Amino acid sequence: FVGVPLYKWFEVRQWLYFVQPFALNAVDPTQVLFFANPSAQSGGTSGKPGGIFRLDAPYSVTDSDDLNAPRLEVNAGGIQVIIAGGTTDGREDPSVLVAINGSAILHRSACSGGRVIARPLPVRYPDQ
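Position 113 of the sequence shown, counted from 1, bears residue number 169 in my numbering, the numbering being contiguous throughout.
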């Protein structure tokens, strides 16, 4: 077991929910994707952006100091659900990402060339 030092990279206020949205990539389980709210630094200057981050946790990691900081995959707010990894045209596709916030379904796959496509929901619902 290796603890993930999220507070090394993020502030407490970036975690909005009791159970924060996250997903283990179904095709590549060394990738963990999760949502973090944006942070603001003192004085009102912008801090760390919010959105869906990817943490790479290779099987060889034995200590939390061996983990690299998560990378921002998608800049989006209010994410409620994340699904990562899947199939595209009958082939495993680790780039598949599906997420939902209060106004849209976000989707990325090999077919979109790595670009995230946002489709509006028919009805907006409260996302925070």
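Positions of the beta carbon are idealized from the N, C-alpha and C atoms, including for glycine. Since the structure is predicted, the reported quantities are computational estimates derived from the model, not experimental observations.
- A distance below 7 Å between beta-carbons, with the five flanking residues on each side excluded, links leucine 128 to the following residues of its chain, in chain order: Pro105, Gly107 and Phe109.
- A Cβ-Cβ separation of about 19 Å leaves alanine 113 out of contact with valine 152 under the 8 Å criterion.
- By the beta-carbon neighbour count (other beta carbons within 10 angstroms, threshold 16), asparagine 157 is buried.
- The beta carbon of isoleucine 173 is closer than 8 Å to those of Leu162, His163 and Arg164 in its chain, skipping five residues each way along the sequence.
- If you draw a 10 Å sphere on the C-beta of valine 130, you find 16 or more other C-beta atoms in it, and that means buried.
- Rounded to whole angstroms, the gap between the alpha carbons of valine 179 and serine 116 is 45 Å.
- C-alpha of phenylalanine 90 to C-alpha of proline 77: approximately 6 Å in a straight line.
- From the listed residues Ala160, Cys167 and Gly169, the smallest Cα separation to arginine 175 is found for Ala160.
- Scanning the segment 119-145 from its first residue to its last, no whole alpha helix (DSSP H) run of 4-plus residues comes out.
- Look at arginine 69 here: in three-state DSSP terms it is helix.
- About 13 Å separates the Cβ atoms of phenylalanine 66 and alanine 96, ruling out a contact at the 8 Å cut-off.
- Beta-bridge analysis with DSSP links alanine 155 to Ile138 and Leu162.
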